[in-house]
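Participant:
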Amino acid sequence: MSVRDGQARLRKISKDIGNDLPLPKKDKDFLCSALMQIASGEDAELALDVKAKKGERKSEHSQQIKTQLKFFMPWIASAIEPEEEGGFGYTVKEAISVAKRHFRNLPSEETLRRYWADYQRTGTAIFTLERDLNGDLSP
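Residue numbers (my numbering): 2 to 140.
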């Protein structure tokens, strides 16, 4: 189970307890076992199955960035398409600069250009861009 799955499970159990909802037996067994392990001195993150693996991030901020990148990369792909094909005809540098203003909390433009180079080899556009009445971008 990934750390995100473990966090989601704990979040659900927490909400159920907070709302006085009955817990399924497997959740009760999980909590009893985890609390017993913690009481015996085991690492709480390990017992609760939320221990991050090497290189794995578990903060909400890192998850938001990952989610934004899923939309950012196809946006760039669409923005650099020629205008005749429905894009804006931007260079990669221009597209990243413009898009960075619309996507908050992303890494630096230099880092995004490196991500773009990796994405180019595997990614595909999932939507197209349209201009609004003011000529602004509509991601």
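Quick reminder that beta carbons are idealized off the backbone N, C-alpha and C, glycines included.
Computed from a predicted model, the values in this text were never measured in an experiment.
Going by alpha carbons, who is nearest to K13 out of V4, D28 and Q38?
Facilitator: Of the candidates V4, D28 and Q38, the one whose C-alpha sits nearest the C-alpha of K13 is D28.
Participant: In angstroms, rounded to a whole number, what distance separates the CA positions of R5 and V51?
Facilitator: Those two C-alpha atoms are separated by around 7 Å.
Participant: Among R10, K16 and I97, which residue has its Cα nearest to the Cα of T112?
Facilitator: For the residues R10, K16 and I97, the minimum Cα distance to T112 belongs to I97.
Participant: Would you report the Cα separation of P23 and K16, rounded to the nearest angstrom?
Facilitator: Straight-line Cα distance between these residues: approximately 11 Å.
Participant: Could you give the distance in angstroms between the alpha-carbon of R115 and the alpha-carbon of P25?
Facilitator: Spanning the two alpha carbons is a distance of roughly 46 Å.
Participant: Taking Cβ positions, are A35 and F73 nearer each other than 9 Å?
Facilitator: For A35 and F73, no; Cβs fall outside 9 Å.
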